[in-house]
Structure formats: C-alpha cells, structure tokens
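Notes follow the structure.
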C-alpha cells in the first residue's frame with residue numbers, strides 16, 4: 154500500500170502533475186474532455202443496456218446496436234480513461250486516499266469485468282440470440298449490472314470533491 | 056421589487072433554505088442528478104447528430120431514432136432542469152451574479168429552443184433541406200456541450 158502511496162506522491166510532484174494542478178485552464182479543459190468522453194461512452198452504454206433490458210429500440214436486433222455503436226463507445230471510453238488519467242496525475246497524492254475515489258475505481262474495474270464477460274460470453278454470438286423477442290436472462294442481467302455499475306461510478310465520482318481532505 | 060429582492064426572496068424561501076442549510080452530501084446528490092441528466096441528454100443529441108452524418112445507428116431510420124430517443128432526452132432534460140433549479144434556488148444571489156452562469160443560461164435557452172423547434176417537429180417530418188438540418192443538429196450538439204462546460208466553469212470563476 155505504501156508503495157502505491159509513494160507512487161502517487163511521485164506523480165503528484167512530477168512536472169506534468171504540478172502543471173495540470175496549477176494551470177488555470179488545463180485542469181478544467183481536461184475535466185471537459187472527461188465529461189464529453191463520458192457522454193459518448195457511458196451515454197451510449199446506457200442506451201445499449203436499455204436495449205438489452207428491452208426498454209429501448211426493441212424492434213432493432215441487438216447486433217445492430219452493438220456493432221454500430223462499438224467504435225463510438227470504445228472511442229469515448231478511451232477519451233474518458235486518458236483524461237481521467239491526467240486528472241489523477243494532478244491529484245494523485247490526495248485523491249488516492251479519498252474514499253469516493255477508491256469506490257469509483259473499484260466499480261470501474263467491476264464495470265469493465267462485466268463488459269468483457271459479456272463480450273466474450275455473449276457479444277461474439279450476438280447474431281444467434283440477438284433477434285429473439287425475449288432475450289436470454291443472463292443477457293438482461295448483464296445489461297442491468299452494467300447500468301448499475303456505471304451509475305455507481307458516476308455517483309461516486311461526483312462525491313470525490315465532497316469527501317476530499319483538502320476541498321478542490 | 057428589484058431583481059435582487061426576488062433572488063433574495065428565492066434563496067430565503069423554504070426550499071432555498073433547505074438546499075443551503077442541508078448537509079453538503081445533499082448538494083452532491085443534487086449534482087449527481089444534474090450530471091446524469093446531462094449525460095442522457097447529450098447522448099441522445101449525439102446519436103441523432105451522428106445519424107444525420109451517416110454514422111452510429113445508420114441502419115436505423117432517423118424517424119425511428121428520434122422516436123426512441125425523445126423520451127430519454129426529456130427525461131435527461133427533466134433531471135438537469137429540476138436539479139438545476141434546486142441548486143439555483145439555494146444560492147440565487149451568487150449564481151445570478153456569476154458570468155459563467157449568465158452565459159450558461161443564455162446558451163441553455165437557445166439550445167432548448169432549437170431542441171423544441173427542430174428535434175420534435177422538423178426532424179421527424181424532414182421538410183427542411185438535409186444540409187440545413189445537419190448543420191442545425193451539429194450546432195445543437197455543440198451548444199449543449201458548451202452549456203455543460205459553462206456550467207463547470209461556474210465553480211472556477
């Protein structure tokens with residue numbers, strides 16, 4: 154654990170970390186990229202989850218939704234991940250002990266695990282089950298899990314500044 | 056009664072006092088609704104704009120996409136507006152004086168108008184030239200992003 158804290162301190166003290174933290178425009182701009190990436194990735198993931206739950210575009214085959222949105226979801230996720238990495242870089246030493254941040258990272262990992270499990274177990278064979286009127290129960294659970302996990306990620310993210318030792 | 060009196064009255068109303076005096080976690084919860092609403096709203100505008108540019112759900116018709124996403128747009132809109140009103144009422148005097156907030160509200164009104172006129176009526180009937188609708192949709196998406204950025208800037212100014 155102390156190794157992790159040390160690493161966070163090194164990032165925090167590094168020139169890039171310090172520059173982002175002390176710049177008047179850089180930090181808000183990276184936050185903006187984070188939000189925009191979020192709207193693309195999380196937003197489209199929510200729509201995909203709603204489709205898996207049968208609450209959105211029910212008449213469209215699941216494969217159509219998955220395949221057509223795939224690159225946008227991945228692109229948005231990368232943008233969110235990279236901008237999030239820079240935000241972490243700037244705040245590493247303080248944020249790493251923030252309970253909201255720890256919960257967030259835990260649920261990001263769970264969300265990714267769920268997405269990967271869905272991709273390998275179901276996503277690859279979507280053309281075989283995606284056009285049925287009633288989708289397999291496990292698929293619905295994956296959609297519900299994704300919706301819940303990413304919602305918790307967003308909620309815990311917003312709580313980060315409120316649970317911070319030194320208010321950002 | 057001046058504008059200042061109205062703002063003062065707003066933030067000293069029961070709701071205003073409730074928002075201002077409650078725990079900071081209540082404030083965080085209101086913000087969560089604000090951001091989830093914004094994400095839903097932005098995603099819908101993005102999906103429609105992408106479709107107009109031949110991207111995203113291109114195998115589905117524009118009409119199908121607008122029909123399926125309109126309820127989600129208004130759900131997101133409802134989330135952001137109601138949570139936004141709560142935040143504003145809690146600190147009306149400070150917000151009203153914040154330049155970022157003033158820009159945000161002006162842009163928000165324009166974006167809302169475009170949404171109301173374009174996305175609900177024109178898009179589904181396709182009576183306007185495609186190029187015009189495309190640029191309008193792109194403008195609308197950009198506007199909503201800028202509204203979000205201006206909102207974030209409130210805290211920095």
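Chains as they are written, first to last, in this note's numbering: chain A, 154 to 321; chain B, 56 to 212. We treat Cβ as the ideally placed atom computed from N, Cα and C, and that holds for glycine. Please read all numbers here as calculations on a predicted model, not as lab measurements.
| Item | Value |
| --- | --- |
| Candidates B:192, B:212, B:197, of which the one nearest residue 108 of chain B by Cα | B:192 |
| Every unbroken alpha helix (DSSP H) inside the region 77-147 of chain B [4 residues or more] | 79-107, 117-145 |
| Contact set for residue 321 of chain A: own chain, Cβ-Cβ below 6 angstroms, skip 5 residues either direction | Low local confidence applies: a pLDDT of 44 at residue 321 of chain A is under 50, so the model's placement there is unreliable, with the coordinate-based value given in what follows. For residue 321 of chain A, where only same-chain residues beyond five positions count, the Cβ hits under 6 angstroms are 314. |
| Residue interval of the alpha helix (DSSP H) (run including residue 67 of chain B) | Run containing residue 67 of chain B: none; DSSP gives neither H nor E here. |
| Coarse secondary structure for residue 320 of chain A, derived from DSSP in three states | Any answer about residue 320 of chain A is weak, because its pLDDT of 48 lies below 50 and its placement is not dependable; what the coordinates show is given next. Residue 320 of chain A falls in the coil class under three-state DSSP. |
| Within chain A, partners of residue 123 of chain B - CB distance below 8 angstroms | 209, 210 |
| Where residue 57 of chain B falls: helix, strand or coil (DSSP) | coil |
| Ranges of the alpha helix (DSSP H) found wholly within the region 240-310 of chain A, counting only runs of at least 4 | 252-274, 279-282 |
| Proximal residues of chain A, C-beta to C-beta of residue 208 of chain B below 8 angstroms | 181 |
| Residues near residue 131 of chain B in its chain [Cβ-Cβ closer than 6 angstroms; skip 5 each side] | 92, 95, 96 |
| Presumed contact (8 angstroms Cβ cut-off) between residue 170 of chain A and residue 245 of chain A, rounded CB distance | 7 angstroms |
| Contact with chain A by residue 186 of chain B, beta-carbon distance below 8 angstroms | no |
| Proximity below 8 angstroms, CB of residue 194 of chain A to CB of residue 230 of chain A | yes |
| Spatially closest choice to residue 269 of chain A from A:218, A:296, A:317, by CA coordinates | A:296 |
| Beta-carbon spacing of residue 166 of chain B, residue 202 of chain B below 8 angstroms | yes |
| Whole-angstrom distance between residue 137 of chain B and residue 66 of chain B, CA atom to CA atom | 16 angstroms |
| Residue 213 of chain A, DSSP secondary structure in three states | coil |
| Contact under 8 angstroms by Cβ, residue 236 of chain A with residue 183 of chain A | yes |
| Rounded separation between residue 190 of chain B and residue 104 of chain B - CA only | 9 angstroms |
| Near-chain A residues of the region 74-90 of chain B - C-beta to any C-beta below 9 angstroms | 79, 80, 82, 83, 84, 86, 87, 89, 90 |
| Rounded Cβ spacing between residue 309 of chain A and residue 260 of chain A (contact assumed at less than 8 angstroms) | 7 angstroms |
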